[in-house]
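Right, one structure below, let's go through it.
Number of protein chains: 2
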Amino acid sequence: MPRSSNSPSAKGGPVTLATVARRAGVSPQTVSNAINSPDLLRPETLDRVRRTIDEMGYRPSRAAQTLRTRSSKLIGYGIQPSPFSYPVLDRFLHAVSQAADEAGYRILLFACPPGGPTLEGYEELLDQHEVDAFVLSGTEHGDPRQAWLAKRGVPFVSFGRMWSGRQIGDWVDVDGASGTDAAVEHLVSLGHRRIAFLGWERGSSGAGDDRAAGWQRAMRRHGLSTRGRRGQSVNDIDAAHAAAKPLLDAGATAVVAASDMLALGCYRALRERGAAPGRDVSVVGFDDSPTAELLSPELSSLAQPLEQVGRECVRLLLARLAAPDAEAERILLEPSLVARDSTAGPPPPGG
Amino acid sequence: MPRSSNSPSAKGGPVTLATVARRAGVSPQTVSNAINSPDLLRPETLDRVRRTIDEMGYRPSRAAQTLRTRSSKLIGYGIQPSPFSYPVLDRFLHAVSQAADEAGYRILLFACPPGGPTLEGYEELLDQHEVDAFVLSGTEHGDPRQAWLAKRGVPFVSFGRMWSGRQIGDWVDVDGASGTDAAVEHLVSLGHRRIAFLGWERGSSGAGDDRAAGWQRAMRRHGLSTRGRRGQSVNDIDAAHAAAKPLLDAGATAVVAASDMLALGCYRALRERGAAPGRDVSVVGFDDSPTAELLSPELSSLAQPLEQVGRECVRLLLARLAAPDAEAERILLEPSLVARDSTAGPPPPGG
DNA sequence: TGTGCTGGTTTTAGCGTTCCAAAAGCATTG
DNA sequence: CAATGCTTTTGGAACGCTAAAACCAGCACA
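In order, the protein sequence lines correspond to chains A and B.
Those letters in the first sequence? Residues 1 to 351, by full-length UniProt numbering.
Those letters in the second sequence? Residues 1 to 351, by full-length UniProt numbering.
If you want it as structure tokens, here you go:
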């Protein structure tokens, strides 16, 4: 029955290595070994020490370990203010946190100032020896963090590849192109041929261009024309609404959108002309945000495997910590198409 | 020009108190004092030491400080898996993180197992002296954490009051009753009198009952009957849809819902009978989730001041750390009604 | 001249671990 | 029996910091 805990409130003062050692009749070092290198001890001794540790509810002090080993077992994550709700964050963070916990690491949050992360926060954490490594997310064009961290040999992993310049360090990302490609496949199999794409402005976002590319390659593969079928808009519902109109005017029977927000713009444009998503024109979104299944009709969308992304991030990071000079590993995960009511066969040509 | 940093990669090895002290020609303790109790030093000395600290880019090692002072300056937060998307988390976490940073504290995440937080994770963090305090959220009926933490004298603050038993410890919460009350006021001022409430099952959630109570009291204040105007449903869109029907059948011209999800159930029920939210029946949601303004028509909803909640949580926690035995402080913040297109005057009686 | 005070600085002594080298136990061997 | 190797255990020392006590002017006062 573990007596836990070594909190100061528990009578007898805190339980330390020395306390346990005295009680077990061994030296402190032996107790330390029982925990860190059990194979050094005679089985009998090990057993006795372990029992004492259990009885006394001993847990090593993280601060002392950190000081001695120069490793805090902490992973830093700079949390950015979400300008327009990033529905991705909480699932990702939970997955990362859980995977880290299982490996004896924890996540240390620090607030990044609005307007993009600066290096300052990262530097502070490093100098204070507070963290061993970083998880980055929300990486965009020209993000300086990777190069900076790499230069000083700090282990890190990014959720999101580098969109400009050469790749630096390990990353995990979701294959947007593969997602939109799958969306096109899905629509083609339903009988669609005039499939439009509604994305963000070219070059404004790596992920956006990637998603456009997947649509394009799938269309080409099926011998379908993409001329006049590509619309652009910022991630705002009114703008998306406006950008969707010409696509519909051009006779598209289906639209693949780079985000659920853009897909919603299509919904509006359709409603406006008395048409119904799904029945008259199919629509596929991206991200499978919580909103998607609340819409009428429920929106088909591409779900990112965020839990898996989180786990892979931690896996890569641990590997990097174990082998700082190993070759960089990069992982591309597939989004999965969640087909709902907004995708169906095209209406009959005469209708 | 700060030479930063004391990372081992920087030539000359890590910068410690001793290094700085030697360079400045004083004892290590004096450098420590320059940082922690500057008023002890002669202004001249202080200046010289500060300049040296700056030049060398010195930053104290957190681990050593923690070991010595027995205070980690870390606040624990158990992150729970979001079963059905908790759109609240990221904004709250960012606010907490930022406020903590400003006070020299940081947030340490740890993963709570699915199915509610257990005490185990909290105990581990405490025993390892990893954290000084906790922020709790997602508190529900019969949550054991507050009592447990209070018993061992661990400072904590909850986002969310205690819904059963006596209040324990400091908390910050959003006044749900005040929110639904305001929603009724808004609707009454638009001319509505038959205002229904669609909530969760009675007793299933403290927050839900609270929101119902606000509707009830506002109705009573205006001399309006609540008989047959209260619907119940779990937080699922189909269930909400079903629960909304009888309210509409009974002639409600407006519905206040306990969540945006429930409000969406009303949308569906209305569409089904060829009616339009806003034009025919007004609907108000709760939480102002990102979904709200994407809907057609855009959903009026009650926004929780999450940034403020986060900041207040940290403020209370710091106060508690400074004065462990001070009286508990409890803060109730007002949600704000975001009026959008789903609320308008009732249709003329004859129409 | 000694005594007490005050402000500024240093010395000492750990905080609880783990690293390192050395010691002890204990067989096996020359 | 001493020397050799092996496994198991131990005794400092150190990681970087700060609380507490000690120290040391310089000055006022008796």
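No residue lacks a Cβ here, since even glycine has one placed at the ideal position from N, Cα and C.
From a predicted model like this one, the values you see are computed outputs, not experimental measurements.
First and last residue of the uninterrupted beta strand (DSSP E) at A344(B): Note, A344(B): premise wrong, no beta strand (DSSP E); not H, not E.
Contacting residues, own chain, Cβ-Cβ under 6 Å from I331(A) (five flanking each side not counted): V172 and E312
Can you give me, in chain order, the residues of the UniProt domain "HTH lacI-type" (15–69) of chain B that have a beta carbon less than 9 Å from any beta carbon in chain A? V15, G57, Y58, R59, P60, S61, R62, A63, A64, Q65, T66, L67 and R68
According to DSSP, residues forming a beta bridge with I195(B): A254(B)
Taking DSSP as the reference, what is the three-state secondary structure of W171(B)? strand
Buried or exposed by the 16-neighbour rule on C-beta atoms within 10 Å, applied to V131(A): V131(A) is buried by the Cβ-count criterion.
Straight-line Cα distance separating A99(B) from I237(A): Approximately 32 Å, taken between the alpha carbons.
Using a Cβ-Cβ cut-off of less than 9 Å, give me the residues of the stretch 93–106 of chain B that come near chain A, in sequence order. Contact residues of the stretch 93–106 of chain B toward chain A are L93, H94, A95, V96, S97, Q98, A99, A100, D101, E102 and R106 (C-beta to C-beta distance below 9 Å).
Over the uninterrupted alpha helix (DSSP H) stretch that includes S32(B), give me the two end residues. Start and end: P28 to N36.
Distance, Cα to Cα, L333(B) vs G179(B)? Distance between the alpha carbons of L333(B) and G179(B) is about 10 Å.
Can you tell which of L136(A), A254(A) and A111(A) has the C-alpha that lies nearest to the C-alpha of F92(A)? L136(A)
Would you mind telling me which residues of chain A sit closer than 7 Å to F110(B), beta carbon to beta carbon, in chain order? S97, D101 and R106
Contacts that residue 357(A) makes with chain B (C-beta to C-beta distance below 8 Å): Nothing can be reported for residue 357(A): it is not among the residues displayed for chain A, which extend from 1 to 351.
When Cβ atoms are compared, which residues of the stretch 125–138 of chain A fall closer than 7 Å to chain B? L126, D127, Q128, H129 and E130
Is the stretch 159–170 of chain B in contact with the stretch 179–189 of chain B, if contact means three or more CB pairs nearer than 8 Å? no
Does the stretch 256–266 of chain B come close enough to the stretch 274–292 of chain B to have 3 or more Cβ pairs within less than 8 Å? yes
Answer with buried or exposed for Q29(B), where buried requires no fewer than 16 other C-beta atoms within 10 angstroms of its C-beta. exposed
Entirely within the stretch 86–121 of chain B and at least 3 residues each: give me those beta strand (DSSP E) ranges in chain order. 106–111
Does the stretch 222–239 of chain A come close enough to the stretch 196–205 of chain A that 3 or more CB-CB pairs lie under 8 Å? yes
In chain A, which residues lie with their C-beta within 7 Å of the C-beta of P81(B)? H94
Hey, does T118(A) have any beta-carbon neighbour from chain B nearer than 7 Å? Not closer than 7 Å to any Cβ of chain B, the Cβ of T118(A) fails to qualify, so no.
Could you please give the first and the last residue of the uninterrupted alpha helix (DSSP H) stretch that includes V234(A)? Per DSSP, V234(A) lies in no alpha helix (DSSP H) and is assigned neither H nor E.
S189(B): first and last residue of the uninterrupted alpha helix (DSSP H) it sits in: G176 to S189
Here's a check: name, in chain order, each residue in its chain whose Cβ is nearer than 7 Å to the Cβ of Q80(A), leaving out the five neighbours to either side. In the same chain as Q80(A), and ignoring 5 residues on each side of it, the C-beta atoms closer than 7 Å to its own belong to C112, P117 and G138, in chain order.
Leaving out five residues on either side along the sequence, give the residues of the same chain with a beta carbon under 6 Å from the beta carbon of T16(A). none
Hey, is D175(B)'s beta-carbon within less than 7 Å of any beta-carbon in chain A? no
DSSP-derived helix/strand/coil call for L295(A): coil
List the endpoints of the continuous beta strand (DSSP E) containing A303(B). S300 to A303
Using 8 Å as the threshold, is the stretch 206–217 of chain B in touch with the stretch 146–159 of chain B, meaning 3 or more CB pairs across them? No, because fewer than three Cβ pairs between the stretch 206–217 of chain B and the stretch 146–159 of chain B fall closer than 8 Å, the two stretches do not touch.
In the structure shown, what three-state DSSP assignment does P60(B) receive? coil
Tell me whether E130(B) sits in a helix, a strand or coil according to DSSP, three-state version. coil
Grouping DSSP H, G and I as helix and E and B as strand, with all else coil, what is R152(B)? coil
Among the candidates A196(A), L317(A), R320(A) and G278(A), whose CA atom is the shortest distance from the CA of P347(A)? G278(A)
Between which two residues does the beta strand (DSSP E) harbouring D325(B) extend? DSSP places D325(B) outside any beta strand (DSSP E), giving it a letter other than H or E.
When every heavy atom of the ligand ZN is checked, does at least one fall within less than 6 Å of the C-beta of K73(B)? Ligands are entirely absent from the displayed structure, and the ligand ZN is therefore not among its contents.
Quick one: what does DSSP say L318(A) is sitting in, helix, strand or coil? helix
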